[in-house]
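The listed protein sequences derive, respectively, from chains C and Y. Be aware that the first sequence starts at 1, since it is given in this note's numbering, and climbs by one per residue. Be aware that the second sequence starts at 260, since it is given in this note's numbering, and climbs by one per residue. Here a beta-carbon is modelled for each residue, glycine too, at the ideal position from N, C-alpha and C. Small disclaimer: the values here were computed from a predicted structure and weren't measured.
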Amino acid sequence: MEPILKARNLVKRYGRVTALDHCDFDLMPGEILAVIGDNGAGKSSLIKAVSGAVIPDEGEVWLDGRKVLFSSPIDARNAGIETVYQTLAMSPALSITDNMFMGREIRKRGFMGKWLRQLDKPAMAEFARQKLNDLGLTTIQNINQAVETLSGGQRQGVAVARAAAFGSKVIILDEPTAALGVKESRKVLDLIQDVKARDIPIILISHNMPHVFEVADRIHIHRLGKRLAVIRPGDYSMSDAVAFMTGAKEPPEVADAVA
Amino acid sequence: MSKPNSNTDNYELAAATSPQQVAEFEDHHAGFVGKLQHVLHVNPSLVPLIVLVAAILVFGALLGSKFFSPFALTLILQQVQIVGIVAAAQSLVILTAGIDLSVGAIMVMSSVVMGQFTFRYGIPAPLAILCGLACGALLGSVNGWLVSRVKLPPFIVTLGMWQVVLAANFLYSANETIRSQDIESRAPLLQLFGAKFNLGGAVLTVGVVFMLALILVLAYALKHTAWGRHVYAVGDDPDAAELSGVNVHRTLMSVYVLSGLICAFAGWALIGRIGSVSPTSGQLANIESITAVVIGGISLFGGRGSILGTLFGALIVGVFTLGLRLMGADAQWTYLLIGLLIIAAVAVDQWIRKVSA
Chain C
1 MEPILKARNL VKRYGRVTAL DHCDFDLMPG EILAVIGDNG AGKSSLIKAV
51 SGAVIPDEGE VWLDGRKVLF SSPIDARNAG IETVYQTLAM SPALSITDNM
101 FMGREIRKRG FMGKWLRQLD KPAMAEFARQ KLNDLGLTTI QNINQAVETL
151 SGGQRQGVAV ARAAAFGSKV IILDEPTAAL GVKESRKVLD LIQDVKARDI
201 PIILISHNMP HVFEVADRIH IHRLGKRLAV IRPGDYSMSD AVAFMTGAKE
251 PPEVADAVA
Chain Y
260 MSKPNSNTDN YELAAATSPQ QVAEFEDHHA GFVGKLQHVL HVNPSLVPLI
310 VLVAAILVFG ALLGSKFFSP FALTLILQQV QIVGIVAAAQ SLVILTAGID
360 LSVGAIMVMS SVVMGQFTFR YGIPAPLAIL CGLACGALLG SVNGWLVSRV
410 KLPPFIVTLG MWQVVLAANF LYSANETIRS QDIESRAPLL QLFGAKFNLG
460 GAVLTVGVVF MLALILVLAY ALKHTAWGRH VYAVGDDPDA AELSGVNVHR
510 TLMSVYVLSG LICAFAGWAL IGRIGSVSPT SGQLANIESI TAVVIGGISL
560 FGGRGSILGT LFGALIVGVF TLGLRLMGAD AQWTYLLIGL LIIAAVAVDQ
610 WIRKVSA
């Protein structure tokens, strides 16, 4: 099977620091791939390189078999890669609907939309409510309430819903449970499963081993700027994974990487 | 190796039997105060509107028909038209979490370009006016480029531009005023915004109508177009806006260019208001426009507020100015009260924002 998102020989240097050192990456269709690694291993640089947030110095990225070159997150988004950033990238004072449609607003048809560029607010609110309901986020009463009035878990939920609504090829989640409590984390993990059930592959970056081992199909272990190994959570324990990523133990053959 | 999940304690089960309610807080001010805070949070221009209506009623009660007449009330509109137009430009910039200290200078420069192009070079008035408008937009685009591309703080950029444009204005015009009679006889189009018409005792000028129309159009654009939502998002959190797909550079450029263009229209309106083209006029427009914006409830931190509030803010200043003058009070009382209003407005803004904390 061809990977939906593939990267080869990615290199990214920041001054004298090499964040990515000829790194490879494969995401298979329909899977949840977790990316783990110690702090400073280059996880974020890898994710930014495939989502357009940084431009790699060397190396190539293929999406769906076609070579792509993203110069901004907007490029990647237009190609169908949605990222939920750790900071969530939402405007707190604006409504849920406004945030979901930021940068891709729907305009009214006819004269009002074409010449006065009026937004079709009812259509956008309807779509947003639909998407939140799809993901079981029914505790949000008012789709027009400002994002700043939501709890942390609800905000995360809205961000995931936004990605799920528009991400046609790949969804990237950067530490989605890091700031959440136990119950809220559970909600977000359920959301991830829901998204996966629609055959959209997910890249999950997380430090939380129980969460990673629970939802991931494969785990990409990142160390010193490159892919150390890819393991299946059924074959190894959490302590093995931690040992690999910290260098306490030799990894298995990289041959495991092929799904 | 053991199965991954078999030896991990299922710690989430421990939370399963816990009470289901999530962080319920007793609503301390479920009563009137809490509701008021919520309503104001949703409609930020309500505070200035209430203050405006209250001020009109108080002065109306104290002064009677001397104040409470179509003539006096429309006189207020005429007096605030310049500040109102400039404050509309200022509102856009402040909504993006910036500030524009050069609005007054750009306004005067544009009016001088319109006047001098007509009288020094003999360019037909319509063309000279277009040149003046282009001059304003150009100066605005310089501001925008420095803020958005060079990433300098808006305060510093526009502080510099204020001095540069003002000095250029004096150097270019040689501090020479074009007299009202000359404009009237040779290029009356320059005074278009001063043209008056009567509506049953109410006296309106083209400038007043332009100010009201401008604010309504901007209010529509800010609320009902994608561009408007982007302006708010950029003011709220530019990084988040960029990541969620807003072209922050283009949004900032559009705001500063539009601000410059509106200031140039204010320059045209200024000629209509004072009759002549004077390089020394409108020196306080930047401070007065910021005052109107702040009293109008737009947050100086960006992303919050409504441009209708700015109109109300400008009118509040106008009502106080005229009301106190009609009462024969020392003009300093006006400044004192406006100063208190500014502080009160920012205090209210902070209080409203507490719902988000």
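Asked: DSSP three-state assignment for residue 25(C), whether helix, strand or coil; Found: strand
Asked: Bridge-paired residues (DSSP) for residue 67(C); Found: 62(C)
Asked: Segment limits, alpha helix (DSSP H) that includes residue 126(C); Found: 121-134
Asked: Listed by chain order, chain C residues near residue 608(Y) by CB distance under 9 Å; Found: Here the premise fails: no neighbours, minimum Cβ distance about 12 Å.
Asked: Whole-angstrom distance between residue 10(C) and residue 28(C), CA atom to CA atom; Found: 18 Å
Asked: Amino acids of chain C, ordered along the chain, whose beta-carbon sits closer than 7 Å to that of residue 502(Y); Found: 73, 85, 89
Asked: beta-carbon residue 167(C) near the ligand SAM non-hydrogen atom, thresh 7 Å; Found: As for the ligand SAM, it is missing from this structure, which has no ligand bound.
Asked: Under the three-state DSSP convention, the category residue 248(C) falls into; Found: coil
Asked: Contacts of residue 93(C) in chain Y (Cβ-Cβ under 8 Å); Found: 491, 495, 562, 563, 615
Asked: Own chain partners of residue 604(Y) with C-beta closer than 6 Å, once the 5 adjacent residues on each side are dropped; Found: 553, 554
Asked: Proximal residues of chain C, C-beta to C-beta of residue 505(Y) below 8 Å; Found: 102, 103
Asked: C-beta neighbour in chain Y for residue 248(C), strict 8 Å; Found: no
Asked: Burial state of residue 309(Y), where buried means 16 or more other Cβ atoms lie within 10 Å; Found: exposed
Asked: Residue 611(Y) vs residue 338(Y) beta-carbon contact at 8 Å; Found: no
Asked: Inside the region 485-561 of chain Y only - beta strand (DSSP E) runs reaching at least 3 residues; Found: none
Asked: Cα-Cα separation between residue 315(Y) and residue 550(Y), rounded to whole angstroms; Found: 19 Å
Asked: Through-space distance from residue 601(Y) to residue 229(Y), alpha-carbon basis; Found: Only positions 260 to 616 of chain Y appear in the structure, and residue 229(Y) is not among them; the question remains open.
Asked: Expected contact under 8 Å - CB spacing of residue 218(C) and residue 232(C) to nearest Å; Found: 6 Å
Asked: Which of helix, strand or coil DSSP assigns to residue 326(Y); Found: coil
Asked: Sequence-distant residues of the same chain with beta carbon closer than 6 Å to residue 395(Y), five excluded per side; Found: 365, 369, 519, 520, 522, 523
Asked: Pick from 112(C), 215(C), 146(C) that is closest to residue 197(C), judged by C-alpha positions; Found: 215(C)
Asked: Meets three-Cβ-pair contact criterion under 8 Å: the region 488-496 of chain Y and the region 375-383 of chain Y; Found: no
Asked: DSSP state of residue 435(Y) mapped onto helix, strand, coil; Found: coil
Asked: Straight-line Cα distance separating residue 45(C) from residue 32(C); Found: 19 Å
Asked: Inter-residue spacing [alpha-carbon to alpha-carbon] between residue 192(C) and residue 145(C); Found: 24 Å
Asked: Interface partners of residue 484(Y) on chain C, CB under 9 Å; Found: 105, 107, 116, 117, 118, 119
Asked: Contacting residues, own chain, Cβ-Cβ under 7 Å from residue 566(Y) (five flanking each side not counted); Found: 347, 350, 474, 477, 478, 481
Asked: Whether residue 562(Y) touches residue 93(C) by CB criterion (8 Å); Found: yes
Asked: Beta-carbon proximity of residue 222(C) to residue 42(C), cut-off 8 Å; Found: yes
Asked: Helix, strand or coil at residue 483(Y) according to DSSP, with G and I counted as helix; Found: helix
Asked: Distance, residue 174(C) Cα to residue 130(C) Cα; Found: 24 Å
Asked: Strand pairing of residue 146(C), partner residues [DSSP]; Found: 95(C)
Asked: Which listed residue (84(C), 83(C), 128(C)) has its alpha carbon closest to that of residue 105(C); Found: 128(C)
Asked: Exposure label - residue 66(C); buried when at least 16 CB within 10 Å; Found: exposed
Asked: Beta-carbon contacts of residue 397(Y) that lie in its chain and below 6 Å, excluding the five residues immediately before and after; Found: none
Asked: Pair within 8 Å by beta-carbon distance, residue 564(Y) and residue 354(Y); Found: yes
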